[in-house]
Structure formats: structure tokens, C-alpha cells
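Colleague: Residue 95 in numbering that gives the first Met the number 0 sits at position 96 of the sequence shown, and the numbers go up by one each step. For glycine and all other residues, C-beta sits at the position ideal for the given N, C-alpha and C. Nothing here was measured: the structure is a model prediction, and the numbers come from that model.
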Amino acid sequence: MKDVKITEYRDIKTRLLKGNPLAEAIHERLEEEDFEIAVGNEIYVPEDINEFSDSEKELEALSIMNTVSPTSIYYEAYCDFYNVLMMGYADRNPTLEATIIRNNTVSTGNYKPSKTTSECMIITGLSGVGKSTLIDSVVSVFDQTIPHSKNGKYEKEFTQITYIKCDIPGSANIKSVCRMIVQQIDFITGEKHWEDYKKKRLLNDEYIERTVALCSTQMIGVIILDEVQNLSLAKAEEKAKILSLIHKLTNEAKVPVINVGTTKAIKVFQSEFMNIRRLGLPVDLLNFFEDEDDWKLLVEYAWDYQLIESPLPLDDDIRKVIYRLTVGIPHCLFFLISQANVQAIRQKKTCIDGELLEEIYRTKFKLLRPALLALKIGKTEAYDDLYNLKDNLDKAAKKTIKELFKIADNHKFSAEVARELAEVIEGYLSDYKPTKTEALIYKKLLKTIDVQASRVVPNENGMELPL
0 MKDVKITEYR
10 DIKTRLLKGN
20 PLAEAIHERL
30 EEEDFEIAVG
40 NEIYVPEDIN
50 EFSDSEKELE
60 ALSIMNTVSP
70 TSIYYEAYCD
80 FYNVLMMGYA
90 DRNPTLEATI
100 IRNNTVSTGN
110 YKPSKTTSEC
120 MIITGLSGVG
130 KSTLIDSVVS
140 VFDQTIPHSK
150 NGKYEKEFTQ
160 ITYIKCDIPG
170 SANIKSVCRM
180 IVQQIDFITG
190 EKHWEDYKKK
200 RLLNDEYIER
210 TVALCSTQMI
220 GVIILDEVQN
230 LSLAKAEEKA
240 KILSLIHKLT
250 NEAKVPVINV
260 GTTKAIKVFQ
270 SEFMNIRRLG
280 LPVDLLNFFE
290 DEDDWKLLVE
300 YAWDYQLIES
310 PLPLDDDIRK
320 VIYRLTVGIP
330 HCLFFLISQA
340 NVQAIRQKKT
350 CIDGELLEEI
360 YRTKFKLLRP
370 ALLALKIGKT
380 EAYDDLYNLK
390 DNLDKAAKKT
400 IKELFKIADN
410 HKFSAEVARE
420 LAEVIEGYLS
430 DYKPTKTEAL
440 IYKKLLKTID
450 VQASRVVPNE
460 NGMELPL
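#1: DSSP on Thr399, reduced to helix/strand/coil?
#2: What's the call for Pro69, buried or exposed, on a 16-neighbour Cβ count within 10 Å?
#3: Please name the residue, chosen from Thr66, Leu133, Gly124, that lies closest to Glu75 on a Cα-to-Cα basis.
#4: With 16 as the cutoff for other CB atoms within 10 Å, does Met64 come out buried or exposed?
#5: First and last residue of the beta strand (DSSP E) that includes Met120?
#6: Cα separation between Leu403 and Ala414?
#7: If you run the structure through DSSP and keep just helix, strand and coil, what is Cys177?
#8: I want to know whether the region 201-220 touches the region 170-180 - three or more CB-CB distances under 8 angstroms.
#9: To test your reading of the DSSP string, which unbroken beta strand (DSSP E) runs of 3 or more residues are found completely within the region 145-217?
#10: The beta strand (DSSP E) with Asp283 in it runs from where to where?
#11: Just verifying my parser: in three-state terms, what is the DSSP assignment at Asn258?
#12: Inspect the CB distances between the region 319-337 and the region 87-94 and report whether three or more fall short of 8 angstroms.
#13: Measure the C-alpha to C-alpha separation of Glu27 and Glu380 and round it to an integer number of angstroms.
#14: Within 8 angstroms, do at least three Cβ pairs link the region 340-359 to the region 56-63?
#15: Are Leu284 and Gly39 closer than 8 angstroms when you measure CB to CB?
#16: Here's a check: name, in chain order, each residue in its chain whose Cβ is nearer than 8 angstroms to the Cβ of Asp423, leaving out the five neighbours to either side.
#17: Among the residues of its own chain, which have a CB less than 7 angstroms from the CB of Met218, if the five just before and after it don't count?
#18: Note down the Cα distance separating Thr161 from Leu296, rounded to an integer number of angstroms.
#19: In whole angstroms, what is the alpha-carbon distance linking Thr98 and Asp135?
#20: Over what stretch of residues does the beta strand (DSSP E) that includes Asp225 continue unbroken?
#21: Using the Cβ count rule (16 or more neighbours within 10 Å means buried), how would you classify Ser54?
#22: Please identify the residue among Val105, Glu32, Thr158 whose C-alpha is closest to the C-alpha of Thr210.
#23: Quick check on DSSP: helix, strand or coil for Asn49?
#24: The alpha helix (DSSP H) spanning Met64 covers which residue range?
#25: What is the rounded straight-line gap between the Cα of Asn194 and the Cα of Tyr73?
#26: Beta carbon of Asp225, beta carbon of Ser131: below 8 angstroms?
#27: Out of curiosity, what's the CA-to-CA distance linking Asn274 and Val259?
#28: Sort out for me which residues DSSP pairs Asn468 with in a bridge.
#29: Given this structure, state the Cα-to-Cα distance separating Asp383 from Arg323, to the nearest angstrom.
#30: Taking only the alpha-carbon atoms, compute the straight-line gap between Glu357 and Ala264 and give it to the nearest angstrom.
#31: To the nearest angstrom, report how far apart Leu58 and Lys442 are at their CA atoms.
#32: Can you list, in chain order, the residues of its chain with a C-beta nearer than 6 angstroms to that of Asp2? Leave out the 5 residues immediately preceding and following it.
#33: If you run the structure through DSSP and keep just helix, strand and coil, what is Ile134?
#34: Measure the C-alpha to C-alpha separation of Tyr196 and Lys378 and round it to an integer number of angstroms.
#35: May I have the straight-line CA-CA distance separating Leu232 from Leu213, to the nearest angstrom?
#36: Using three-state DSSP, classify Ala252 as helix, strand or coil.
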């Protein structure tokens, strides 16, 4: 007969959580060093790299894009997440009759909450800084499900679901969000709630009520909603319904909700929630400053991952080039180093230097350069828009060039930034004819730099190539 795992319950002295099997089944919070060991996924140059073929080396070079090198904010976010999860159990002790009565009341739609909301978090930041990687790393140290046995301390048999994570789709609607939550519960429990909902052809409000009731009775630990900035793309009625779902989950089911998204996410919630503090503890991830310790450590880690014969030491000049090209965005840092390795291997170079990094920026960052330029200029919203456009090439070109002209208008730039902006705009002009206003904006931009004779010169009627 197969042994059934019996969950170990730890003694918790916190009065609100004492005697609660949901809380007692969660591990003691890890110390920072243990946490970093648990979530870190760093890679290093293989000792036998010289035995790899060039094609194998190139594939190995791309591996750095999938690594996790936790910065100091990771542990801070873990501690906050841990507190939100644990305190979310404070009003949901399954051994108390009051909890059973409340769950039944929620199921009937008659629950009147006495407390405004459960503990929550909102994680926002720029695209490419690692918001999803951070939250995925944090939840990875928790068991998603914990079995409770009749043979255990509390003599109750049920499966505890610690967290559920869903991505808000670009075409978000209330039915799709409810479906993602319910289907994850069904997958874990083996039940078929969603099939039942479909058969009954529920109305939107009924989907919300059923989902909230299910999360309440299952006593889900935390629901994580990623890409919540996509709510800005939803129709007004659908957005209102989804926000109503979030409100009811935290207010009625007492399930903490972790919202994760770009800086646009805050605006989505600010327009609907009377008090932004209801969103809970804020974690804001921005691009790193050049002198930040976390950034220095990331650069050192990335620079050490060189698969060529004679790596150069990391000096201040190289650091400055790397920061200028990546503007402190971790995704761009790892992409730069991975592509530099690939190019060095392909060109039989023995080292990676500043000149090669510049070449990679010119040739491999074509889709990222508009976004990075916007960030250099301080246009964070434009940065996020342009960064995310790179994944949709058919629609990206016109939107990108329009955004670049908007950035170029009425702003003063250094010669270096103006030159790069002009070069990026020029790259789109073979497929796009600017309006008269945009042509004048471009002409004004070119006045700030020394334009080469081969560059496209605008006039009031559009763009012309010089003869």
C-alpha cells in the first residue's frame, strides 16, 4: 500500500494564525541567503567549452537569457509576498465554524463583508526589468498544493492550493479571466466546475459570483494576475467586470490578489478604485542606475559568461558602453552579451570589446532601439509601448515611427541622443512617408546634429532623397 504523505504543521505563535492548518502548513520564512540559493539559476562557462563545436557554442551562448540572478529586491518581494499569503489566512481558518458559515454565505451571494479587503500586493515596472521572473521566482519556493490528511493533526482531508497564476490576455474579458482561474482549480482538484458553468450558460455576473464562491470554499492562498496593464485594452464594460471580480475576491472571498504589470497598470486601477492603497503593498521595478550595486553585480555576472578564447577584463569603459546601450534593463543586458558571444564565435574573434558591443547594438537591437531611446529621454510610457510593439511586426512599424516623431517634437536632446534618434527614424523612412508636420519635426531634429550627405533630407511636402 502506497504511503500517504502527512503534512507537518509547525507551531506558530502569531495569535491571528495560531491553530490555523493553512498557515501552519506553510514553511518558515527563509533567510536571505537560503532564498537566493533556492531561486538562483545562474550559469557559468562550461569547463569543456573548447570541446564544443561553434554551433554548440552559439546555442550555449543563448542560455544566459533563461537564467535568474536575483537582485536585492527579490528577497524584499519574497518577504512581502510571504506576509500577504500568511495574513490572508487570518480570517480563513477551516477548523472554525465561522469560516464555514461565511463560505456558505458567499456561495449564496448574501455575504456582507465587515473588513474592506484582504492583504494584497501590486508589482509594477518597465518592460524587460523582470517582473514576471521575480514573481515566478518568489512562488517557486512554495508548494503550489499541500495535501492535508485525516491522519494529521487536524484530522481533515483536503488539498490546500497555495497560489494560482493567470496572465490577463490582450483581449481581456470577464469570462476568459474567470475561465483561467476556475480551470486551474479544476486541474489541481480534478473536478469539472468550468464544464458545469458552460452547460448552464451563465451570465457575466454569474461567472463572477461562481468564481468568487469557488475561490472562497477552496480557500485559495493567493491569486496572481500578470500583465494587468492589458486591462487598458479591454472594452469599458469588460474592464469594469474584471475589476469587480478582483474587488470581490479580496473583499468577499478574502483571497489576496497580486497584480503584476507595467507602469500602465497603476493608471488602470487608479481610474476605478477610490483608494489606490486597496491594491496593497507596492513593488516598483525600474531600470537600474549605472552606479547601483545590483546593476554592477548583474553586469559582472553577464560579462563573466564569455565563450571565447581571451575574455577582456571588465573595466570602467566597458561598463559605460554596456550601460549606454542597455539603459539598465536586465533583459537588454543579457541579450547584448548573448548576441556578442554569438557574433564573436561566428567571426572567430578571440575577445568581446566595446566595438563589437556597438556592432551588436546597431544590428541586433533594431526592434529595441526605439524603446531604449524613449527611456533615455525619460518617456517611460512610450518606452513600454515601443518595447511591446516589437513582438507584433506587422502593426509595429507605423505605430513606432509615429511615436518616434512624437518624442522628437518639442524636446531638446544632446547631440548624441539626437543623432541616434535620427538614425532610428531614418531606418523606417523607406516604408513610411511622413506627414508635413512630421517632416518639419525631423528637419528640426537634424539641425541639432552634423548630418551626413547621404542622409534623407525632408521638405514641407514629404521626404526626398538627395541627388
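Modeller: This is what the structure gives:
#1: Thr399 falls in the helix class under three-state DSSP.
#2: Note on Pro69: 16 or more other CB atoms within 10 angstroms of its CB, so buried under the neighbour-count rule.
#3: The option with the nearest alpha carbon to Glu75 is Leu133.
#4: Note on Met64: under 16 other CB atoms within 10 angstroms of its CB, so exposed under the neighbour-count rule.
#5: It spans 120-124 - the beta strand (DSSP E) in which Met120 sits, taken as one unbroken run.
#6: Taking C-alpha positions only, Leu403 is separated from Ala414 by approximately 16 angstroms.
#7: Helix.
#8: With the cut-off at 8 angstroms, the region 201-220 and the region 170-180 touch.
#9: Counting whole runs of 3 or more residues, the region 145-217 contains the beta strand (DSSP E) stretches 157-160, 162-166.
#10: From DSSP, the beta strand (DSSP E) with Asp283 extends over 280-284.
#11: Three-state DSSP puts Asn258 in a strand.
#12: Fewer than three Cβ pairs drawn from the region 319-337 and the region 87-94 lie within less than 8 angstroms of each other, which leaves the two stretches out of contact.
#13: Here the alpha carbon of Glu27 sits roughly 39 angstroms from the alpha carbon of Glu380.
#14: Yes, since at least three Cβ pairs between the region 56-63 and the region 340-359 fall closer than 8 angstroms, the two stretches touch.
#15: Pairing Leu284 with Gly39 gives a Cβ-Cβ distance that is not under 8 angstroms.
#16: Reading the sequence as shown, one finds Val at residue 423 and not Asp. Closer than 8 angstroms at Cβ, skipping near neighbours: Arg368, Pro369, Leu372, Leu403.
#17: Taking Met218 as the centre and dropping the five residues before and after it, the same chain places the C-beta of Leu21, Arg91, Pro93 closer than 7 angstroms to its C-beta, in chain order.
#18: Rounded to whole angstroms, Thr161 to Leu296 spans 33 angstroms at the Cα level.
#19: Near 30 angstroms, if we compare the C-alpha coordinates of Asp135 and Thr98.
#20: From DSSP, the beta strand (DSSP E) with Asp225 extends over 221-225.
#21: Here Ser54 is exposed: its Cβ has fewer than 16 other Cβ atoms, across all protein chains shown, within 10 Å.
#22: Looking only at Val105, Glu32, Thr158, the smallest Cα-Cα distance to Thr210 is reached by Val105.
#23: Helix at Asn49.
#24: Boundaries cannot be given for Met64, as no alpha helix (DSSP H) includes it and DSSP labels it neither H nor E.
#25: Here the sequence assigns Glu to residue 194, which means Asn is not the residue at that position. One Cα belongs to Glu194, the other to Tyr73, and the distance between them is close to 38 angstroms.
#26: Yes. Within cutoff.
#27: Caution applies to Asn274, whose pLDDT of 47 falls short of 50 and renders its modelled position unreliable; the model cannot decide the point.
#28: Residue 468 lies beyond the range of the chain shown here (0 to 466); nothing can be said about it.
#29: Whole-angstrom Cα-Cα distance: 18 angstroms.
#30: CA-to-CA, the gap between Glu357 and Ala264 works out to about 34 angstroms.
#31: In this structure, the straight-line span from the alpha carbon of Leu58 to that of Lys442 is close to 44 angstroms.
#32: Because the pLDDT of Asp2 is 47, which lies under 50, any placement of that residue in the model is unreliable, and the question is left without a value.
#33: In the structure shown, Ile134 sits in a helix (DSSP, three-state: H, G or I).
#34: Answer to the nearest angstrom: the Cα atoms are 45 angstroms apart.
#35: Near 27 angstroms, if we compare the C-alpha coordinates of Leu213 and Leu232.
#36: Residue state, collapsed to three classes: coil.
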